[in-house]
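Have a look at the structure below, then the notes.
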Amino acid sequence: MRSTHRLLLAALALVLIGTPLVAQVYKHYSPGPVWTVTMIQIASGMDQMYMQYLDTQFKKSEDAQVKAGFMKSYKVLRTLDEGGEWNLLILREYASLAAVEANTEKADALLQQTEGPDQSQMQGYQDRAKYREVVGWKYARELLLK
């Protein structure tokens, strides 16, 4: 009985000593929105062809996703040099991963309206493959520094 009492007191002391240490951990950031990052390599001399697509069909589709609330925003970034694996980034901002997953079917239905049925979309991918290559695609979380 006495050893059980001492064991409980020792455990309580460890909890009380450890608690202030855990409470003092300082986070340097808060988790922010989630972004998809698509890395594109535009074929040499085909910039205008791809920019025309981005300014028409792509913009129409992305604006519809933002207006519907499935996506928060999007950005297109072009590198200032030609070296490297990719020369254009497409960034799409979402509130969270949960929002991406919750709206997948609705966003796909909207895509069917703005870009046509799956066969039309696949044909579009094949057509664009002639003047650009998707080098990679990632999810990234924005870190909001404190």
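Every position in the sequence shown, counted from 1, becomes a number in this note's numbering once 19 is added. Virtual Cβ for every residue (Gly too), placed ideally from N, Cα, C.
Any idea if residue i is buried or exposed, counting beta-carbon neighbours within 10 angstroms, 16 or more meaning buried?
i, result
"Q84", "buried"
"E161", "exposed"
"L107", "buried"
"M141", "exposed"
Reducing DSSP to helix, strand and coil, say where residue i ends up.
i, result
"T55", "strand"
"G155", "strand"
"L73", "helix"
"S49", "strand"
"E120", "helix"
Could you please give the first and the last residue of the uninterrupted alpha helix (DSSP H) stretch that includes residue i?
i, result
"K78", "K78 to A87"
"S63", "Note, S63: premise wrong, no alpha helix (DSSP H); not H, not E."
"G103", "Note, G103: premise wrong, no alpha helix (DSSP H); not H, not E."
I'd like the list of long-range same chain contacts for residue i, defined as Cβ closer than 7 Å, with 5 residues on each side in sequence excluded.
i, result
"G119", "Looking at the sequence shown, residue 119 is not Gly but Val. Cβ neighbours of V119 beyond the five flanking positions: V53 and Y113."
"W105", "M58, I59, Q60 and V154"
Is it true that the CB of residue j sits closer than 8 Å to the CB of residue i?
i, j, result
"K165", "S49", "yes"
"R151", "A62", "yes"
"Y144", "T55", "no"
"L116", "F89", "no"
"E134", "Q76", "yes"
Counting along the chain, where does the beta strand (DSSP E) carrying residue i start and finish?
i, result
"L130", "That residue, L130, is in no beta strand (DSSP E); its alpha helix (DSSP H) goes T123 to E134."
"S92", "S92 to R97"
"Y113", "L107 to Y113"
Looking only at its own chain, which residues have a Cβ that is under 6 Å from the Cβ of residue i, when we skip the five neighbours before and after it?
i, result
"M65", "Y150"
"Y93", "E81 and R111"
"W156", "T57"
"N122", "F89"
Who are the Cβ neighbours of residue i in its own chain at under 8 Å, not counting the five residues just before and after it?
i, result
"M68", "Y150"
"G51", "R160, E161, L162 and L163"
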